[in-house]
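Chemist:
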Amino acid sequence: MIEYKDLIKFEIKALNYANTALKDGKDRFSGMMRFQWFVNSLLSNKTRNRILCGTSKTLNKILDGPPGTGKTFKLQHEYFEKFTISESNLSKEQYLENLVTDLTWWQTFAVALQDLGLSNSNAILNHEIVRAKERLSSAKSIKPILWSRLQAHTVLDCPNVNVKDRNEPQLFYKNDVSKWRVDDALLKESYPEALEILEKIKNFTPNADNQVKNYEFVTFHQSFGYEDFVEGIKPKMEEQSRDLEYEIKDGIFKRLALKAKADPENDYALFIDEINRGNVSAIFGELITLIEKDKRLGESNELQVKLPYSRTLFGVPSNLFIIGTMNTADRSVEALDTALRRRFAFEEIMPKPELLSPAYEYWQLLWEYKDVKWEDAEFKEREQLFFETSGASEELKADRKNIWAGFEDQGPNQNQVFEFEKYEFNGLRLDRILQTINTRIEVLLDRDHTIGHSYFFKVKEATNKEKALKKVFKDNIIPLLQEYFYGDYSRIGLVLGEGFVRQAGKAEEKIFAKFGDTTDSVEVSERYELISIDEKFNISEALKLLAINA
38 MIEYKDLIKF
48 EIKALNYANT
58 ALKDGKDRFS
68 GMMRFQWFVN
78 SLLSNKTRNR
88 ILCGTSKTLN
98 KILDGPPGTG
108 KTFKLQHEYF
118 EKFTISESNL
128 SKEQYLENLV
138 TDLTWWQTFA
148 VALQDLGLSN
158 SNAILNHEIV
168 RAKERLSSAK
178 SIKPILWSRL
188 QAHTVLDCPN
198 VNVKDRNEPQ
208 LFYKNDVSKW
218 RVDDALLKES
228 YPEALEILEK
238 IKNFTPNADN
248 QVKNYEFVTF
258 HQSFGYEDFV
268 EGIKPKMEEQ
278 SRDLEYEIKD
288 GIFKRLALKA
298 KADPENDYAL
308 FIDEINRGNV
318 SAIFGELITL
328 IEKDKRLGES
338 NELQVKLPYS
348 RTLFGVPSNL
358 FIIGTMNTAD
368 RSVEALDTAL
378 RRRFAFEEIM
388 PKPELLSPAY
398 EYWQLLWEYK
408 DVKWEDAEFK
418 EREQLFFETS
428 GASEELKADR
438 KNIWAGFEDQ
448 GPNQNQVFEF
458 EKYEFNGLRL
468 DRILQTINTR
478 IEVLLDRDHT
488 IGHSYFFKVK
498 EATNKEKALK
508 KVFKDNIIPL
518 LQEYFYGDYS
528 RIGLVLGEGF
538 VRQAGKAEEK
548 IFAKFGDTTD
558 SVEVSERYEL
568 ISIDEKFNIS
578 EALKLLAINA
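Here the working numbering is used: position 117 in the sequence shown is 154, and no number is missing along the way.
#1: Leaving out five residues before and five after L112 in sequence, what residues of the same chain have Cβ atoms less than 6 Å from its Cβ?
#2: Note down, one range per segment and in chain order, each alpha helix (DSSP H) of at least 4 residues found wholly within the region 318-354.
#3: Where does L580 fall in DSSP's three states?
#4: Please list, in chain order, all residues of the same chain as K573 whose beta carbon is under 7 Å from its beta carbon, the five residues on each side excluded.
#5: When you compare the CB positions of R314 and Q401, do they come within less than 8 Å of one another, or not?
#6: In angstroms with no decimal places, state the Cα-to-Cα distance between K551 and Q540.
#7: Going by C-alpha to C-alpha distance, which of Y263, K286 and K330 sits closest to P272?
#8: Exposed or buried, R379, counting other C-beta atoms within 10 Å across all chains shown (16 or more means buried)?
#9: Please list the terminal residues of the continuous alpha helix (DSSP H) segment that includes A598.
#10: Can you tell me whether DSSP reads E385 as helix, strand or coil?
#11: Which residues mark the beginning and the end of the beta strand (DSSP E) in which G361 is found?
#12: Measure the CB-CB distance between L567 and F537 and report whether it falls below 8 Å.
#13: How is the beta strand (DSSP E) around R484 delimited, first residue to last?
#14: So, with DSSP's three-state summary, where would you put D287?
#15: Quick test of your reading: Y492 and G105, contact by CB under 8 Å. State the CB separation rounded to the nearest angstrom.
#16: Give me the Cα-Cα distance between E398 and Y116, rounded to the nearest whole angstrom.
#17: Does N475 pass the burial test, meaning 16 or more other C-beta atoms within 10 Å, or should it be called exposed?
#18: Considering Cα atoms alone, identify which of N501, S562, S123 and T145 is closest to N303.
#19: Using DSSP's beta-bridge definition, name the partner residues of P272.
#20: Using a Cβ-Cβ cut-off of 8 Å, state whether G489 counts as contacting chain C.
#21: Please identify the residue among R469, F462, Y305 and L324 whose C-alpha is closest to the C-alpha of L350.
#22: Using the three-state DSSP reduction, which class does Y523 fall into: helix, strand or coil?
#23: Between which residues of its own chain and L340 is the CB-CB distance below 8 Å, once the five residues before and five after are set aside?
#24: Where do the ends of the beta strand (DSSP E) carrying A306 lie?
#25: Note down the Cα distance separating K170 from L133, rounded to an integer number of angstroms.
#26: Using only CA atoms, which one of R528, N513 and V192 lies nearest to I570?
#27: For Y228, name the three-state secondary structure that DSSP assigns.
#28: Residue range of the alpha helix (DSSP H) that N575 falls in?
#29: Quickly, what does DSSP pair K250 with across the bridge? List them, please.
#30: So A299 and R172 are in contact, right, with Cβ under 8 Å, and what is the actual spacing, rounded?
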């Protein structure tokens, strides 16, 4: 529950949130966002964060929406940092686990022996770096692993090891009383990083400036399988090995789950981009049930399964989040079956034309140059370009300094955007262009196939707006519409207008081959074609035609 102490003071003048509809009907979509920003401004950052990752935390979530709405961007700029901690918060055990995550077993044993010197197997097994590696392993016992790796990497002239097949590098040696050592010279030659790792262990001092990522990021695709996600039999990648060998290798999810299990005090996350691109049922396999909140380790209905390759029991820890993204316009979207949908919460990420409005763009510009004076040459150039392309009114130019003085006292707040909305902008309106296109797509198809605002960010940032607009329509907007409407240019014309699509005329009556009576009865429909977007293409005129009846 949100308490009174969580609210922060909010003051804004001359703004009635009970009546958010703007005079211009074309801008009516901004009313809802105006209210949303108002609500957000009432909540402290702490409260907003608690709502997202609070006591009723959603462990499995999918951000879904049309292309270009910023789903992956949201992962990178909002979620990644929630699963990133300072190294100063790590214990030495956690530090070691991060250190050995990408080390092979023989590399781990080499570091341990370099530290211990001549030692028996028990001493090696009890070394702190080996114990850290063991915590991240699902093996019932690592003693067989120890013996197999040491012997496989033993020097050839060792009389006390009878294993015929050896792997590179060969750097271990066993004496006649079963004590092991690593050859210093061979170690420096074949694996010099071991000395650096040992130095880090010996001189472990947490550095607050170093960030530790408690997450993994992966993109699903058609060839991604259970073996990549959970575990599978993979070829053993040993340099200069004479024979091809195979081993059971943990997948990205299992590795992260073992890491999260070994560190219950911190949250971990697996981010899956384009989750519906893969065969999700096959990729998750038996984990489909284990990822449910009440089936996690330590929960009321804790459940573990025996994995098919390693034959070890496996469960999903309760501090491991699974957060994916999904493109609702993707034709493979139906591959996400009902069983998986029931186990994920969905957060809809829809197009936000208001982020393309001149009011928002000018607000961003002012805060980007908050530390310079109005006379700064670079700022003046950027501001002048904005005034020219947006058709900003003279009233705004006259009032802007007084408005900014008030902003500086408050600090950055998106509610400040509304101060600029009362001014006229008669130039390029990317927000209206996108809103018009999406309104038409919703009528012809549905809202899942609308177009995201991020494509037009390239235009906002460009100096030559017309050139950038041409490129966006040619490379992004039109190809998407061609896919949505299966190349039906008559429907694409209904969305973009006569500035982008034109009639090509009917086919000639004599075009078909003679084929009985059928030839004369064929109905020839009107043909349409795209107008080539080249150097001669007039994007301004095309956009005027697009806006007709909008």
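Glycine residues also receive a C-beta, built at the ideal position from the N, C-alpha and C atoms. Keep in mind the model is a prediction, meaning the values are calculated, not measured.
Modeler: Well, looking at it:
#1: For the purposes of this step, residue 112 is taken as residue 75 along the sequence shown, with counting starting at 1. Here the set comprises F308.
#2: 324-327
#3: Within the sequence shown, the letter at position 543 stands for residue 580. Here L580 sits in helix by DSSP.
#4: Locating residue 573 in the sequence shown gives position 536, counting from the first residue. Result list for K573: empty, nothing under 7 Å.
#5: Along the sequence shown, one-based indexing puts residue 314 at 277. Along the sequence shown, one-based indexing puts residue 401 at 364. Not a contact, by the Cβ cut-off of 8 Å.
#6: Walking along the sequence shown from the start, residue 551 turns up at place 514. Walking along the sequence shown from the start, residue 540 turns up at place 503. Near 27 Å, if we compare the C-alpha coordinates of Q540 and K551.
#7: The residue you call residue 272 lines up with position 235 of the sequence shown. When the alpha-carbon of P272 is set against those of Y263, K286 and K330, the nearest one is in K286.
#8: Counted from its first residue, the sequence shown places residue 379 at position 342. Exposed, by the Cβ-count rule.
#9: No answer is possible for residue 598: it lies beyond the span of the chain, which begins at 38 and ends at 587.
#10: The residue labelled residue 385 in the question sits at position 348 within the sequence shown. Here E385 sits in strand by DSSP.
#11: As a position in the sequence shown, residue 361 is number 324, starting the count at 1. Note, G361: beta strand (DSSP E), L357 to N364.
#12: Position 530 of the sequence shown, counting from 1, holds the residue named residue 567. Position 500 of the sequence shown, counting from 1, holds the residue named residue 537. The answer is yes: Cβ separation under 8 Å.
#13: Position 447 of the sequence shown, counting from 1, holds the residue named residue 484. Per DSSP, R484 belongs to no beta strand (DSSP E) and is neither H nor E.
#14: In the sequence shown, residue 287 corresponds to position 250, counting from 1. Residue state, collapsed to three classes: strand.
#15: As a working mapping, residue 492 is identified with position 455 in the sequence shown. As a working mapping, residue 105 is identified with position 68 in the sequence shown. Correct: roughly 5 Å between the Cβ atoms.
#16: Locating residue 398 in the sequence shown gives position 361, where the first residue counts as 1. Locating residue 116 in the sequence shown gives position 79, where the first residue counts as 1. One C-alpha to the other measures close to 25 Å.
#17: Stepping through the sequence shown from its first residue, residue 475 is reached at position 438. It counts as buried.
#18: By 1-based counting over the sequence shown, the position of residue 303 is 266. For the residues N501, S562, S123 and T145, the minimum Cα distance to N303 belongs to S123.
#19: As a position in the sequence shown, residue 272 is number 235, starting the count at 1. For P272, which the question treats as bridged, DSSP gives the partners Y283.
#20: In the structure shown, chain C cannot be found, because there is only a single protein chain.
#21: By one-based count along the sequence shown, residue 350 stands at place 313. That would be L324, whose Cα lies nearest to the Cα of L350.
#22: The residue labelled residue 523 in the question sits at position 486 within the sequence shown. DSSP places Y523 in coil when its eight states are reduced to three.
#23: Taking the sequence shown and counting its residues from 1, the one referred to as residue 340 is at position 303. Once the five neighbours on either side are set aside, the close Cβ partners of L340 are T326, L327, K332 and G352.
#24: Taking the sequence shown and counting its residues from 1, the one referred to as residue 306 is at position 269. From DSSP, the beta strand (DSSP E) with A306 extends over Y305 to D310.
#25: Along the sequence shown, one-based indexing puts residue 170 at 133. Along the sequence shown, one-based indexing puts residue 133 at 96. So the two alpha carbons sit approximately 8 Å from each other.
#26: Position 533 of the sequence shown, counted from the first residue, corresponds to residue 570. Of the candidates R528, N513 and V192, the one whose C-alpha sits nearest the C-alpha of I570 is N513.
#27: Position 191 of the sequence shown, counting from 1, holds the residue named residue 228. Coil at Y228, not helix or strand.
#28: Taking the sequence shown and counting its residues from 1, the one referred to as residue 575 is at position 538. No alpha helix (DSSP H) holds N575; DSSP gives it neither H nor E.
#29: Position 213 of the sequence shown, counted from the start, is the residue given in the question as residue 250. The partner list for K250 (beta bridge, DSSP) reads T121.
#30: Along the sequence shown, read from residue 1 onward, the residue named residue 299 stands at position 262. Along the sequence shown, read from residue 1 onward, the residue named residue 172 stands at position 135. The pair is a contact, with the Cβ atoms about 4 Å apart (cut-off 8 Å).
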